[in-house]
Each structure stands twice: as C-alpha cells, then as structure tokens.
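Notes follow once the structure below has been shown.
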Amino acid sequence: MFKYLGVGLAIIYVVNALYEKSDDVVELTGGNFDHLVKYSDEIWLVEFYAPWCGHCKNLAPDWKKAATALKGIVKVGAVDMDVHGSVGGPYNVRGFPTIKIFSGDKSKPQDYNGARSAQAIVDEALKVASALARERLNGGSKRSSSGSGKSGNAKDVITLTDDNFEKEVIDTKDIVFVEFFAPWCGHCQRLEPEWAKAATELKGKVKLAALDATQYPNTAGRFNVQGYPTIKYFPAGAKDFNSAEDYQGGRTASDIIAFALDLHSANVDPPEIQQLTSDSVLKDNCNEKPLCVISFLPDILDTQAAGRNAYLDLLRELGEKYKKKLWGWVWTSAGVHPKLEKTLEVGGFGYPAMAVVNIKKKIFVLLRSGFGREGIDELLKGIAVGRGRTQKLEDGLPTLSDAPAWDGKDGELPVEEEDIDLSDVVLDDEPEKKTEL
C-alpha cells in the first residue's frame, strides 16, 4: 500500500518546475509556508503538485491565469511536493494536483473540487472572499494582525535594564532578539503587540527582550542605536557585545517568528544515536518525535567493535544531515529485541536493517536497499519530502525488555569446557535392571 508519509519540519529548496518567478503564482516552500499562508490574514488558493504529474502540467496555464486575475484580491500559490512534501503532510495531500483554500481558520483549509479552468477557480475564490468579508462584518472570524491566532503575553518579553542586560542577553546560550524603543515612538507602539505575540509563540526556542533606550541610554549607546525601534539579535552560543546583528525583516509577529525559527533550526544540535537499552529509550525517541529511525546492527561477533563503530559513525553523519527534522535515532543489535523485529518485519533479509517509524500515524517504512550512505540517504530524502512505501503498524510498537549497554569492546566467544578423552574414562559395569509389568 502506498501512502504519503507527512512530517513536521521541511528542507528548503528553491526549485519550481511548473512555475517561474515571473508568474503571479507564489512559490511556497517549507521555509515560507507558515509565514505567508498560515500566519497571514490573506485568503490563499494553494496547489500541491508534482512536476511529473500530467494533470498538474495541464492545470498550470489556468492556474497562472487565475493568479493574474486574482492579483491583489486573493493569493495564489503552489507547492512542489517532490521537494517540499512535508508542507502537504498536515493537510492529507495524497494525490496531485490537490487544491486547498486557506481562509478564516487556516488550520482547516477547505478542498477545492471544482472545474480546473481559470474561470471556475476565480469564481470560487471570489465566493470565498465575499463570504469571509460578510462573516467579518458580522463579527466573526476575528484574527490577529499577524495571523498567528494566538494573542501575545507581554510577560513573555524580557524587560532589560543596564543592570540585567549582560545576564539576560550576553551570558545566555540562547538566541536573543532585543528591541530598543522609546515610549513616545509611534512605530514602537505599533510593534509592541506584535513583539509580545512573537515572544509567546517563540517561548522555549528564542528569547525576545526590550530595552527602553531613553531610560537606559548607556546600554543602547553601545549598539549605536539612532532610531526607534531598532531590533538586534544575538546568535546562539557564546556571545559578547560585538555579537549583535541587525534585524532587517518585517515588523509583524509572523515575520519575526519566521526569521527567528530559521535561526533556531540552524543551531539545532545533531541527535544522539541511542542504543535501545530500555523501553523508555524507545518511547522517548519514537513517541515524542515526528519520526524515529531504528537501526538493527549485526551481532558484535559478526563485525567486532571496528565494524559496529563504522555503522554508528554512518548513522551520526546522517543524523547531522537531517538534524533539523528533529527525528529520534536509535539502534540495537540483531536478536536483542525479537518482538520489535517481528513487528517491523526486520531480519528476513539479514543485518544490518533499518525501519523508520511514524508512531502517531501508526505506519513505518523499511530500508529495502543496502545499509550504506547512498541507500539510507535515498530513503530519508524520500521520507523528508513525503514519499515512501509505508506499512501499517496496527498495534503500535511492543514494550521492550531491558538490554545491557554495549561496552564498546570486541565480542568474545563463550569459553567452552575442555573436551574429555572418553578412552581414559573407566565406566563401572552395572547389573541389568529388570522391570516388572
């Protein structure tokens, strides 16, 4: 059975096979979809397509015409699912082209099932726009200006002073955005609710702070603040007063959030490749992650330490490559967890083997090629863009028994008892026993 395996975070590319920059169709990617569509107040018609799809090629001219006709009224975009497959995952995109209309509640777009002509598409878009306008007129579908759907909490913005600036900004390893403002500044007043919304949305990932430059001119002066508001950001890791970078992006919450999340994802640590020594390790990496990559390595006697470490190094390399996906990565040795192997249908083709599990959707994908860099990378790239030959995981993953952690050493054969030369053994004669019936 073939399904599309949707995942959270996406890889950003700039390739679009059916539409060009000169078209009025907006190219949507994993990097800009939330910012442009999900967190905006605009109505969007979005086509999810594949460049090789014949129906998509036939639709393209009418989609371009509709985009031109609706310019300034309704946004028209397109997602290349071959490259940005994870974008369509949350919206149950299973065939091409799929057209969704994002209006009002952006978390629940409606399907467009009308004719594939420019006229029909425009008519439907205008109908949706008219309905939304009437709903707003009557007090419904109220959304924030940033479109995030979440009101900000001013308490999530760190208030900075001369005394705490170093502690809250310089001494932390986190990414920190700092707004230098003046209370009388109109632009600052308009930014304030957006800044609070962004701070609430980014809580736990990126810190947002604000400093009244009129009250603390000495600190503001260290950053050459000459106008208000001035926004600086400090990258993750060790930093000093010279680490500040100018933020030149938009001033809406969605603009700030999108930029900050890009910075955050670039600084994610590579995953630890954990050995499956207990059921809690499995749950932490599979139940709490978008996907988990489970590797079954050969018995230590088959590869010894050098061979096993080579496999683990390969997994670390791939974990680094796909670290922005925030997947879980675990490994075990052949035969240690037989119930898990049976559930994932592993072992029939020998070891090493691999299965990628989406526990929330109760599906998994097996590595069907060789356990090498090229084969695994091809599997993971397919999954990252929403493709994969999936199998059902009807009852979830089994509960695992505890297993000893590998000590990093070569394996040793069990010590055998010394063979006995039977020619030296004297056997006592025993009288034949009779059994009465």
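The sequence shown lines up with residues -17 to -1, 1 to 420 when you count with mature numbering (1 follows the signal peptide of the UniProt record, and there is no 0). Cβ atoms here follow ideal geometry from the backbone N, Cα and C, with glycine treated the same way.
Distance between beta carbons of residue j and residue i, contact taken as under 8 Å
i    : j    : result
D262 : G318 : At roughly 17 Å, the Cβ-Cβ gap does not stay under 8 Å, so D262 and G318 are not in contact.
F332 : Q374 : About 15 Å; that fails the 8 Å criterion.
N157 : A196 : In the sequence on display, residue 157 carries Asp and not Asn. About 22 Å; that fails the 8 Å criterion.
G68  : G369 : 3 Å
D6   : K47  : 5 Å
L274 : V340 : 7 Å
L383 : H320 : 5 Å
V189 : A249 : Going by Cβ atoms, the distance from V189 to A249 rounds to 12 Å, so no, they are not a contact pair.
L259 : T315 : 4 Å
L380 : L265 : 6 Å
Closest by C-alpha distance to residue i, when choosing among the options
i    : options                   : result
D229 : F163, Q257, C269 and D390 : F163
M337 : L349, K190 and D223       : L349
D154 : L19, P166, F217 and S113  : F217
A108 : T315, L19 and G60         : G60
Y294 : K272, P335, K322 and L284 : P335
N15  : V62, A249 and A49         : V62
D146 : L284, L194, E271 and S100 : L194
L327 : P73, G353, Q231 and D378  : D378
K72  : L1, I366, G210 and N225   : The sequence shown places Gly at residue 72, rather than the Lys named in the question. Among L1, I366, G210 and N225, the Cα nearest to that of G72 belongs to I366.
A288 : C269, D393 and H247       : D393
L53  : G37, D106 and L174        : D106
V159 : V70, A386, D223 and R234  : D223
V70  : K21, P44, P34 and Q102    : K21
Terminal residues of the alpha helix (DSSP H) in which residue i lies
i    : result
N201 : P200 to G204
P325 : A quick correction: the sequence has Lys, not Pro, at residue 325. It spans P321 to T326 - the alpha helix (DSSP H) in which K325 sits, taken as one unbroken run.
E118 : A101 to L120
D17  : D17 -> no alpha helix (DSSP H), and no H or E assigned at all.
G358 : R356 to A367
N292 : I283 to K304
I239 : A236 to A249
S263 : D262 to C269
V70  : G68 to G71
C39  : G37 to A52
K180 : G169 to E184
Cβ neighbours of residue i in the same chain (closer than 6 Å, five flanking residues each side left out)
i    : result
K186 : D139
I82  : E30 and Y95
E3   : none
I277 : V313 and A338
I104 : A49
F354 : P335
F79  : Y32, A33, C36 and C39
Exposure of residue i, with buried meaning 16 or more beta-carbon neighbours within 10 Å
i    : result
W167 : exposed
P254 : buried
W312 : buried
T418 : Low local confidence applies: a pLDDT of 45 at T418 is under 50, so the model's placement there is unreliable, with the coordinate-based value given in what follows. It is exposed - the Cβ of T418 has fewer than 16 other Cβ atoms within 10 Å.
S90  : exposed
V398 : exposed
A49  : buried
A181 : buried
L1   : buried
R351 : exposed
K308 : buried
P92  : buried
L42  : buried
Contacts around residue i, its chain only, beta-carbon distance under 8 Å, and the 5 residues preceding and following it disregarded
i    : result
R299 : P253 and I256
A227 : V161, F206, K215, Y216 and F217
H18  : S237, D238, I240 and A241
L396 : L284
Boundaries (first-last residue) of the beta strand (DSSP E) holding residue i
i    : result
D195 : V189 to D195
Q374 : T373 to K375
A219 : Unbroken run through A219: none, as it is neither H nor E.
E162 : I158 to F164
L28  : W27 to Y32
F79  : Here F79 belongs to no beta strand (DSSP E), and DSSP marks it neither H nor E.
N147 : Premise fails: N147 is in no beta strand (DSSP E) and is neither H nor E.
A61  : K58 to D63
C-beta neighbour in chain C for residue i, strict 8 Å
i    : result
D157 : Judged by its chain identifiers, the structure shown contains no chain C, having just a single protein chain.
Chain-order list of residues whose beta-carbon lies under 7 Å from that of residue i (same chain, five-residue window excluded)
i    : result
T213 : F163
E151 : I141, L143 and A192
A112 : I26, I56 and V57
L297 : R356
L115 : I26, S86, G87 and S124
V8   : Y2, W46, K47, A50, V59, G60 and A61
K272 : L309, W310 and G311
L301 : I359, D360 and L363
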